[in-house]
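Single-structure report; data block below.
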Amino acid sequence: MPELPEVEVTRLGIKPHIEGRSVSGVSILDGRLRWPVPKSLPKRLLGQRLSTIERRGKYLLLKMDTGHLLIHLGMTGVLRVLPTADGVKPHDRVMIHFGEISLRLHDPRKFGAVLWHPFSKGAIDNHPLLKKLGPEPLAAEFAGDLGAERLFRFSRKRTVAVKSFLLAGQAVVGVGNIYCSESLFEAGIHPRLPAGKLTKAQCERLAKSVRDVLTKAIKAGGSSLRDFVDAHGEPGYFMMQTKVYDRANEPCRICKSPIVQIVQAQRSTYFCPICQRR
DNA sequence: AGCTCAACCTGGCTGC
DNA sequence: TGCAGCCAGGTTGAGC
């Protein structure tokens, strides 16, 4: 999927087309996603105006008149705005129509989610899926020393490898498998280092590298691994050049030694055994 | 509490 | 060409 940069790029891509518009219909083509898409959604959303689209971690939050629509892209989800008249394609799962255009969730693997959270159930931040998320890596709450302090504090006494620790999203959200390897490389930290052994200096480097890597990826338009395309349906993004991810046995861009691939918590990790031991 | 691992589901690639 | 086997961006929840 889509990691945080791809979700942010998607948000920026769809926002100008549908913000401020009202829902003219909803089609659930296949509601068997990560959780079932509520059957009542079409009735509930009809006529509601979409005021803003925000993002929390990898969740998109579409604010409507009476609540929020939560959308997660899972591993293979793609959100695009297309003419309503355009034909349905295989793996299109949900369409939200705004007159002549519609927002479409295309998701082959069906790990995505479309959920409804009415204002009456409390603030969106308290939604069970959002409640335990760590801070936003690009917000003030993770800026400068705050990010480093957060990483340091949350990693104390943790024996889990720093790679898994970062991926878990409790110390900071939005760092998926690709950018996790990339951030650790930039910070010069070995992915197998137990999180609890991170020094203050390493936390400072890591907080900065997380911010830098994600910011660069957003600027590059998100990376396009396999099936990510932008909101307009154009396969426009080229993958941001990675330093280590998916480069097993290729020479490190810094020291030329071969990049190593290992498996941690059932996920591939890539690193440079020479550069990542500070 | 924290860690590991299976599971959700489908498509694409590799190798026989 | 066909097919089996393996791999893939995320996240929850069971079990220890």
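Under the numbering used here, the letters of the first sequence match residues -17 to 260, in that order. For every residue, glycine included, the Cβ atom is placed at its ideal position computed from N, Cα and C.
- Message: I need the DSSP call for histidine -1, collapsed to helix, strand or coil.
- Response: Position 17 of the first sequence, counting from 1, holds the residue named residue -1. Of the three classes helix, strand and coil, the one that applies to histidine -1 here is helix, per DSSP.
- Message: I'd like to know whether the C-beta atoms of proline 176 and valine 142 end up nearer to each other than 9 Å.
- Response: Taking the first sequence and counting its residues from 1, one reaches residue 176 at position 194. Taking the first sequence and counting its residues from 1, one reaches residue 142 at position 160. Result yes, Cβ atoms of proline 176 and valine 142 sit closer than 9 Å.
- Query: Under the three-state reduction of DSSP, which class applies to valine 245: helix, strand or coil?
  - Reply: For the purposes of this step, residue 245 is taken as residue 263 along the first sequence, with counting starting at 1. Note: valine 245 maps to strand in three-state DSSP.
- CB-CB length for phenylalanine 80 against arginine 3, believed under 8 Å: On the first sequence, residue 80 is found 98 positions in, with the first residue counted as 1. On the first sequence, residue 3 is found 21 positions in, with the first residue counted as 1. Rounded, the Cβ-Cβ distance is 4 Å, consistent with contact.
- Is arginine 138 closer than 9 Å to glycine 178 when the C-beta atoms are compared? Within the first sequence, the letter at position 196 stands for residue 178. Within the first sequence, the letter at position 156 stands for residue 138. Taking a C-beta distance under 9 Å as the contact criterion, glycine 178 and arginine 138 qualify as a contact pair.
- Less than 8 Å between the CB atoms is what I'm expecting for leucine 32 and isoleucine 0, so what's the real figure, rounded? Residue numbering aside, residue 32 sits at position 50 when the first sequence is read from its first letter. Residue numbering aside, residue 0 sits at position 18 when the first sequence is read from its first letter. With 8 Å as the limit, leucine 32 and isoleucine 0 qualify as a contact, their Cβ atoms being about 6 Å apart.
- Message: With H, G and I counted as helix, E and B as strand and the rest as coil, what does DSSP make of arginine 174?
- Response: Translated into the one-based positions of the first sequence, residue 174 becomes position 192. In the structure shown, arginine 174 sits in coil (DSSP, three-state: anything other than H, G, I, E or B).
- Query: Leaving out five residues before and five after glycine 13 in sequence, what residues of the same chain have Cβ atoms less than 6 Å from its Cβ?
  - Reply: As a working note, residue 13 is residue 31 in the first sequence. Once the five neighbours on either side are set aside, the close Cβ partners of glycine 13 are Val19.
- Kindly indicate which residue of Ile244, Ala105, Arg132 and Leu196 has the alpha-carbon position closest to the one of histidine 172. Taking the first sequence and counting its residues from 1, one reaches residue 172 at position 190. Taking only the C-alpha atoms, the option nearest histidine 172 is Ile244.
- Task: Tell me whether isoleucine 10 counts as near the ligand ADP, meaning its Cβ is closer than 8 Å to at least one heavy atom of that ligand.
- Result: Among the ligands in the structure shown, none appear at all, so the ligand ADP cannot be discussed.
- DSSP-derived helix/strand/coil call for isoleucine 106: Start at 1 with the first residue of the first sequence, and residue 106 comes out as number 124. Helix, per DSSP.
- Can you give the Cα-Cα distance for isoleucine 35 and glycine 158, rounded to whole angstroms? Residue mapping note: residue 35 aligns to position 53 of the first sequence, counting from 1. Residue mapping note: residue 158 aligns to position 176 of the first sequence, counting from 1. Roughly 22 Å between the two C-alpha positions.
- Task: Could you spell out where the beta strand (DSSP E) holding serine 84 opens and where it closes?
- Result: As a position in the first sequence, residue 84 is number 102, starting the count at 1. 83 to 88 is the span of the beta strand (DSSP E), which, as asked, contains serine 84.
- arginine 62 - partner residues in DSSP beta bridges: Residue 62 sits at position 80 when you count from the first residue of the first sequence. According to DSSP, which records beta bridges pairwise, arginine 62 is partnered with Arg86.
- DSSP beta-bridge partners of glutamate 36: Along the first sequence, read from residue 1 onward, the residue named residue 36 stands at position 54. Answer by DSSP bridge pairing, in chain order: Leu43.
- Taking only the alpha-carbon atoms, compute the straight-line gap between valine 192 and valine 96 and give it to the nearest angstrom. The residue you call residue 192 lines up with position 210 of the first sequence. The residue you call residue 96 lines up with position 114 of the first sequence. Straight-line measurement puts the Cα of valine 96 at about 28 Å from the Cα of valine 192.
- Message: If you follow the alpha helix (DSSP H) that valine 154 is in, where does it begin and where does it stop?
- Response: Position 172 of the first sequence holds residue 154. No alpha helix (DSSP H) contains valine 154, which DSSP labels as neither H nor E.
- Query: Which class does valine 8 belong to by DSSP, given the choice of helix, strand or coil?
  - Reply: One-based indexing of the first sequence puts residue 8 at position 26. Valine 8: strand per DSSP, three-state reduction.
- Item | For arginine 259 and cysteine 237, the rounded distance between their alpha carbons | Translated into the one-based positions of the first sequence, residue 237 becomes position 255. Translated into the one-based positions of the first sequence, residue 259 becomes position 277. Whole-angstrom Cα-Cα distance: 13 Å.
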